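Here's the structure, in structure tokens; my notes come after.
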Amino acid sequence: MDQTRLRSLLAIAEHGTFSRAASALGLAQPSLSRQIALLEEELGRTLLYRHGRGARLTADGQKLIEAARPLLAALASLPSLLDDDVPRGRVVLGVPTFMSVHLAESIFGPLRRTYPHLQIRLVDGFSGFVNQWLTEGRLDLAILYDSRRSRTISAELLAEEELLLFARSRHARAVPAHGPVPASRLGGLDLILPDRQHGLRRALHAAGVRPDPARLLEVDSLTAIRTLVERGIGWSVLPRAGLTRELKDRRYVLRPIGDPPLRARLVVALSPMRPVTPALRAVLAHLHATVASLQGQAIMSQPSGSQVAARPGGSPPLS
């Protein structure tokens, strides 16, 4: 089976339209259409539904893509396996949205200058989405909440981030004037949180936070959550690294949750579909160094003193 045809189908699945996929692949749209037609003819199956806004995978197309992704990724990583001393090739890194702004400059600055043959693609989203992309083989590495990790994923501890409750100052009377807010008190607040599939929400649930369904707004967009809080709609919870602006703004009230303060463990994870290449090791080392720098600048929470490598039983270390 021609891998160019498989990559064409994968590009359409990821970009949603023939035109955007053709642009990403550097192909003319008729050439891309021809690749898909040849693939469907070879398999005797319809792989895409065409519609006015683009195209989406059929059930057969979805099955083919899920099987093809790790194979295509392994083929793409072969050049880097030939030279263990020089990290090279493409690495797709998925991170929680609140971290992308802190990582982007160092990834596309110092890391890129150190390893000019390394090509990084940075993708962000809520952790439930990032976890799904990792397990589907769309990512090479991902930063996840530890509570969202599965037994099939090799992972090691990256950081422990303090979770902070925050709102506009007008809501300050709803919580104690000083000190931490008990987790049990959050259920009586107007909360704006992501869906239960995401690691932040799972960490809160594990700590005993039970939002009132009548007062809860479920929003899977960090930008929208911040906007709603800014407009005084209610409270939300984010890791310290996601609140660098609010920590300096007197218009907001921020409180730790629980005593000792609630922390969420962040791990850097690798799908078992991926070999641990020199390129992945280089990115992994850079992530640890960057997080240590962010902790030193008080952008991320300082280590609690209990951080040790965290890997599921039987999983090999990433380094």
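When the sequence shown is numbered by this note's numbering, its final residue is 319 and no position is left out of the sequence of numbers. In this text, a Cβ means the ideal position worked out from N, Cα and C, and glycines have one as well. A quick note: this is a predicted structure, and the numbers were derived from the prediction, not measured.
Which partner residues does tyrosine 252 have in the DSSP bridge list?
Arg168
Checking 8 Å against the spacing of the C-beta atoms, do arginine 240 and glutamate 136 come in under that value?
no
Proximity winner among Arg202, Arg201, Leu165 and Lys63, relative to leucine 43 (alpha-carbon distances)
Lys63
What do you get for aspartate 140, buried or exposed, if any count of 16 or more other CB atoms within 10 angstroms of its CB means buried?
buried
Mind reading off the beta-carbon distance from glycine 234 to leucine 191? Whole number of angstroms is fine, and I expect it under 8 Å.
6 Å
Specify the secondary structure class of serine 154 as computed by DSSP and reduced to three states.
strand
Between glycine 242 and leucine 93, what straight-line distance do the alpha-carbon atoms span, to the nearest angstrom?
19 Å
For leucine 320, the first and last residue of its enclosing alpha helix (DSSP H):
Since the first residue of the chain shown is 1 and the last is 319, residue 320 is not available in this structure.
Alanine 177 to alanine 269 span [Cα, whole Å]
39 Å
Only counting the same chain, and skipping five residues up and downstream in sequence, which positions put a Cβ closer than 8 Å to that of leucine 10?
Ile65, Ala68, Arg69 and Leu72
Taking serine 271 as the reference, give the member of Leu6, Arg90 and Arg138 with the closest Cα.
Arg138
How is leucine 323 classed by DSSP in three states: helix, strand or coil?
Outside the modelled stretch of the chain, which goes from 1 to 319, sits residue 323, for which no answer is possible.
In the DSSP assignment, find the unbroken alpha helix (DSSP H) run with proline 278 in it and report its ends.
278-296
Near serine 19, which residues of its chain fall below 7 Å by C-beta distance, leaving aside the five closest residues on each side in sequence?
Gln29
Sorted by chain position, which residues of the same chain lie with C-beta nearer than 6 Å to alanine 55's C-beta, five sequence neighbours on each side aside?
Ile12 and Leu48
Would DSSP call glutamine 62 helix, strand or coil?
helix
My output table needs one value for glycine 208: the three-state DSSP class, helix, strand or coil.
coil
Limits of the alpha helix (DSSP H) - the one that isoleucine 143 falls within
It is not in any alpha helix (DSSP H) - isoleucine 143 instead sits in the beta strand (DSSP E) that spans 141-145.
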